[in-house]
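These notes concern the structure reproduced below.
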Amino acid sequence: MSDCGLQRQRDIGPRAPAISLRGVAKSFDAGTAALRGCDLDIEEGDFVAIVGASGSGKSTLLNIIGTLDRPDRGEYRLHGRRVEDLPERELNRLRKQTFAFVFQESHVLREETAARNAALGLRVQGVRRRERPAAAAKGLARVGLGHRWSTRGRHLSGGERQRLAFARAASTGAPILLADEPTGNLDSRNGEELIAQLSQLNAEGTTVVVVTHDDRVAAAAHRRVRIADGVLIEESGGGPEAETRARAPRGTLPERANNVRRARWDPLDDVSDALSSATSRIGRSAMVVLAFALGVAGLTASVGLSESAAAQVSQRISAAALDEITVTATGDPTTQHEFFARTGQIREDLARVEGVRGSGVTATLSSQEYSVTVLAPHSVPGQSRFRGELLTADGAWLGLQGAVASPQGAVAAFDAANQRGQPAALIGEGAARTLGLDSVAAGQQLWIDGRRVDVVGAIRGAARAPGLGDAVVVNFASLAGRAGLSPVLLVRTEDGYPAALRSAIPLALDAAQPGTYTVSLTADLRSLRRGVSADLADLVRVVSWALLLFSGLGAASAMYLAVQSRSAEIALRRALGASRPSIARIFLLEGAVLGLGGGLLGSAFGVGAVVVYCLLQRWTAVLSSELVWLGTGIGAVVGVAAAVYPAWAAATGPIAERIRG
Ligand SMILES: Nc1ncnc2c1ncn2[C@@H]1O[C@H](COP(=O)(O)OP(=O)(O)OP(=O)(O)O)[C@@H](O)[C@H]1O
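Note that the sequence shown covers residues 1 to 661 in the UniProt record's numbering.
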């Protein structure tokens, strides 16, 4: 295809054309040659209409002129400067100060007011905040929207939005206005108004280049160039008369670009953009905040709960360490059995040892091995079995644990039954509920491995063994003849005696063979507890961090989708001259705002969960104020981290393609 060219005679004056294209060609991925080597000169103050069939390359040409796209070949000079050589920063400056755009779609920000929409270009230009309202008001008044100052974009009609888009472009004072099908979506009245505005702006000195199918727009222009198959043909208005018209005294580029005082980057604008974006898409923002909140709540709650639990265990162990010793019989089942059989004697022996306040015996039974039912197993086959804690003990052991039983004297009855060789049980109130017994009445029975056991009372609580409320405790007689029990003797001492009694107790029990018994001090458990709770805390932390990571990933994908849906808005900001970092900043800040919100909410949820759980467990909640700050800070950091990829994607996407949508 031969080159096309609409080259003005260069001998008519010393000044370079405002826009000059030579051999500009552009193809797209699929091999579509949109432009095949175009030459075009446009003088300052010109009003040029580019017409042509659909798909002939008009928008591509306009995008190249406006630096929204780059040509593959050829040369583009703007006021004599080669655009191809300009760095990204200079291109941003051109879009900000030299060009103004009106697209077929208005790309009005739906949740922003007309005033903020009209001032968008001024914001990007860095015009001081206090100077913007007057300039935006002028722009709105010019298109007859002065009275819609505070109306949100989404409440304006299609025609009003396009007028607003025109006001946004006109407010910047850019010397070149590029319009792509500006009347494409308008009815004839609105279309005519817009054409009048274009003519007016041109009369004030703005160079206007408009791509159009609309004959009325083409007629209003001073020059009309046709593009067919990527080739330009001058149709009308390109003669000497147009030259004179174009050279009429008008505001020159440097004059107009400097007519507004410029300010540097205003961080408050970024914050207000981030806040406005977060609050205008309230549903999406709520989901993102919730995702962050769940992660942070999980983290805060698990740290708080593991610390509270550790403190609770520490308290118990410290109390026990002061006055508790446990003794077990080493060796074969016979020795164990004898130990059980001799408990009366053992307790008498121990009572004589100085510092011993009392002792009692217990053994934990596996509720897997023992069948505990409310009704006789043969009478109701298949009835559900008790799966909670089952243990055997004497009344002395229950007393040492501070067990409170009802009715009064229940523990004595429990022991007395044992003396008589009669099976008896005490049921914790929680266990009674599990067994389906509303209250433990006299004459109630349980069946343990087919043996009937009388229930003599209920355990309402035990200060030193809270688990007893959920356990079933049977006397030794209930297990007569059973082998394989491992009894544990609990010795309560005067405060501070356990260590001193460590070697005395085995001797007191069997002077000939003290090695038969193993003595453990609860203090020994401390180091064990530390190890266990450190392992547990590590595990809890790993799980919580994983939760936080997943919630961050969830939020990141929500933000990425938001970038996709805001593609046109981002392109519009870029077309107005916003730099890539400034676009990225909006998303990073939005991520920080949402993460901060999620962090605060999550910390509150987490702390609430710890408080409620500790109240239910009657623990002391351990909550450091750092936990709240940590949760909030982590929320903000994860918010920013989650926004990094969406921010990058927003900042680097192609402008022209995004404007097309
Ligand atoms: N990003 C792109 N990727 C692939 N092809 C593209 C792209 N942009 C434009 N084209 C193709 O380039 C050709 C010219 O497109 P362009 O939009 O410039 O035409 P147009 O004259 O403005 O059309 P219309 O009047 O319908 O808007 C078309 O065939 C179009 O499909």
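A virtual CB, placed ideally from N, CA and C, is assigned to each residue, including glycine.
All of these numbers come straight from a predicted model, not from anything done at the bench.
Just to confirm the assignment, what range does the beta strand (DSSP E) spanning residue i have?
i: S20; result: I19 to S27
i: F47; result: F47 to G52
i: V428; result: Here the sequence assigns Gly to residue 428, which means Val is not the residue at that position. Residues A424 to G428.
i: D180; result: I176 to D180
i: T493; result: V488 to T493
i: Q445; result: Q445 to I448
i: L485; result: First-last for L485: undefined, no H or E at that position.
i: R502; result: No beta strand (DSSP E) holds R502; DSSP gives it neither H nor E.
i: S478; result: Where S478 is concerned, there is no enclosing beta strand (DSSP E), given that its DSSP letter is neither H nor E.
i: S520; result: Y517 to L521
i: R36; result: A33 to I42
i: T207; result: T207 to V211
Let me make sure I understand the geometry here. Which of the options has the alpha-carbon closest to that of residue i?
i: G126; options: V48, A499, G399 and L576; result: L576
i: A396; options: T362, V372, P407 and L547; result: T362
i: C614; options: S302, G184 and E181; result: S302
i: residue 694; options: D266, A134, A621 and R420; result: Residue 694 is absent from the structure shown; the chain starts at 1 and stops at 661.
i: S557; options: S314, A642 and V540; result: A642
i: R452; options: V474, D273, R464 and S27; result: V474
i: A291; options: G631, G595 and A649; result: G595
i: residue 668; options: V353, T98 and F414; result: The requested residue 668 does not occur in the structure, where the chain is confined to residues 1 to 661.
i: G469; options: I570, L600, Q617 and V380; result: Q617
i: S503; options: G515, E494, G450 and D495; result: G515
i: D229; options: K58, I195, P133 and V217; result: K58
i: R357; options: L501, T183, G295 and L35; result: L501
i: G554; options: R130, A203 and G598; result: G598
i: L61; options: E112, S157 and L178; result: L178
i: S308; options: G635, A410, D349 and W619; result: W619
i: S551; options: V288, I19, Y76 and I64; result: V288
i: G159; options: A137, R128 and I195; result: I195
i: G481; options: D449, Y497 and G461; result: D449
i: V607; options: V593, A592 and L623; result: L623
i: D273; options: F414, A499 and T113; result: T113
i: G467; options: S486, A329 and G428; result: G428
i: S106; options: S603, A571, T652 and R585; result: A571
i: S20; options: A34, E43 and V124; result: E43
i: L509; options: Q104, N202 and E348; result: E348
i: Q422; options: D454, T434 and R142; result: D454
Quick check on the DSSP output: the alpha helix (DSSP H) that includes residue i runs from which residue to which?
i: L201; result: S188 to A203
i: Y645; result: S625 to T652
i: Y613; result: R580 to Q617
i: E569; result: S567 to A575
i: G395; result: G395 to L400
i: P267; result: P267 to S280
i: A656; result: I655 to R660
Applying the criterion that 16 or more other CB atoms from any shown protein chain within 10 Å of the CB defines a buried residue, is residue i buried or exposed?
i: A341; result: exposed
i: E626; result: exposed
i: W629; result: exposed
i: Q408; result: exposed
i: V542; result: exposed
i: R566; result: buried
i: I282; result: exposed
i: V456; result: buried
i: D187; result: exposed
i: A115; result: buried
i: T206; result: buried
i: A248; result: With a pLDDT of 46 at A248, under the threshold of 50, the modelled position of that residue is not reliable, and the figure given next carries that caveat. Exposed: under 16 other Cβ atoms inside 10 Å.
i: R658; result: buried
i: P581; result: exposed
i: A169; result: buried
Can you pull the DSSP bridge partners for residue i?
i: V289; result: Note: V289 sits in no beta bridge, so no partner.
i: I64; result: None; I64 has no bridge partner.
i: R224; result: A49 and S236
i: L78; result: I19 and R81
i: S406; result: A458
i: E324; result: R492
i: V473; result: L391 and L426
i: R451; result: I448
i: A412; result: None, per the DSSP bridge assignment.
i: A310; result: Partner(s): none; A310 has no beta bridge.
At a cut-off of 6 Å, is residue i close to ligand 3 when judged by its beta-carbon and the heavy atoms of the ligand?
i: T60; result: Annotation note on ligand 3: not contained in the displayed structure, which lists ligand 1 as its ligands.
Could you tell me whether the Cβ of residue i comes closer than 7 Å to any Cβ of chain B?
i: G443; result: No chain B is present in this structure, which holds just one protein chain.
List, from N- to C-terminal side, the alpha helix (DSSP H) runs of 4 residues or more that fit wholly inside the stretch 94-165.
Within the stretch 94-165, the complete alpha helix (DSSP H) runs of at least 4 residues fall at 114-118, 120-125 and 132-142.
Hey, which unbroken runs of the alpha helix (DSSP H) at 4 residues or more fall wholly within the stretch 346-393?
Taking only runs of at least 4 residues, no alpha helix (DSSP H) segment lies wholly in the stretch 346-393.
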